[in-house]
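The sequence shown maps to residues 15 to 199 in my numbering. Have a look at the structure below, then the notes.
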Amino acid sequence: MRNHRLAFIDTETTGFDPDTHELIEMGIVLVDQDWSGALPVFTVIEEIEYKMKPNHIETADPISLKINKYDKEEWENALTLKQGMQLLSLKAKDSIMVAHNICFDAGFIDRAFKASGVKNEMHYLRIDTITMAFAKLHNRDKDDIDKYSLRTLCEYFEIENKNAHTALSDAKALFELFKKLIYLK
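Put into structure tokens, the structure is as follows:
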């Protein structure tokens, strides 16, 4: 795992069900890792954000669209699903995907790769920061942490996330959370 680039990925979708709803925005922070010293060093290689046009906006959950700040005009020049998945496959090739609630993001990404016919070139290993947070924080004082949402953990670790529920902002916060958890004793 130490020899692979990390791809911190956040997705924004039109709802919660990958079989019904669509992937409409992705934020990716690509990071090289160096474990040769006493503490690992993480270097950001690239930050990527792009929107993808939904094909079935009529099936979208209105609350999800409001949370994700969906605006038809903003998505007018968005990529197609195939273009978006080709970009992800190329940029994150051989990278280990890191996400907060990996089942959610990976479910939509796996479905999008299949629907678009694009091969997923990412490494098969995946890292979930909710699991990491629970493993590191479960023995702490109950008043310290009782939820493991990205928002709650950002507040706990004093990580700024000004544009929550936009893909790149959440991916950047995810990367900062990962580092806090890795370095936590």
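For each residue, glycine too, the CB sits at the ideal point set by N, CA and C.
I think residue i touches residue j, with their Cβ atoms under 8 Å apart; what is that distance to the nearest whole Å?
i: ALA187; j: ILE23; result: Not confirmed; about 12 Å, so no contact.
i: ASN82; j: GLU39; result: 7 Å
i: GLY12; j: SER183; result: Only positions 15 to 199 of the chain appear in the structure, and residue 12 is not among them; the question remains open.
i: PHE122; j: LEU198; result: Between LEU198 and PHE122 the Cβ distance is about 29 Å, and since that is not below 8 Å, they are no contact.
For residue i, count neighbouring Cβ atoms within 10 angstroms of its own Cβ and tell me buried if that reaches 16, exposed if not.
i: ALA178; result: exposed
i: ALA74; result: buried
i: THR27; result: buried
i: GLY51; result: exposed
Between the options, which lies nearest to residue i when the distance is taken from Cα to Cα?
i: HIS70; options: HIS35, ILE77 and TRP49; result: HIS35
i: LYS80; options: THR180, ILE62 and LYS199; result: THR180
i: MET146; options: GLY131, TYR138, LEU37 and ILE116; result: ILE116
i: ILE144; options: LYS105, LEU167, SER50 and PHE122; result: LEU167
i: HIS114; options: ARG16, ASN134 and SER163; result: SER163
i: PHE56; options: SER78, GLU88, LEU93 and HIS18; result: HIS18
i: ALA215; options: ASP48, GLU87 and LEU195; result: The chain is shown only over 15 to 199; residue 215 falls outside these bounds and no answer can be derived.
i: ILE63; options: TYR170, GLN47, LYS128 and THR25; result: Looking at the sequence itself, residue 63 is Glu, so the reference to Ile does not match. It is THR25.
i: LYS67; options: LEU95, GLY51, LYS128 and ALA126; result: LEU95
i: TYR170; options: GLY29, LEU37, ARG140 and LEU191; result: LEU191
With DSSP run on the structure shown, which of helix, strand or coil describes residue i?
i: ILE38; result: strand
i: GLU174; result: coil
i: THR27; result: strand
i: TYR197; result: helix
i: LYS80; result: helix
i: LEU44; result: strand
i: GLU61; result: strand
i: ASP142; result: strand
i: MET111; result: strand
i: ALA21; result: strand
i: MET66; result: strand
Please confirm whether any heavy atom of the ligand COA lies closer than 6 Å to the CB of residue i.
i: PHE171; result: Ligands are entirely absent from the displayed structure, and the ligand COA is therefore not among its contents.
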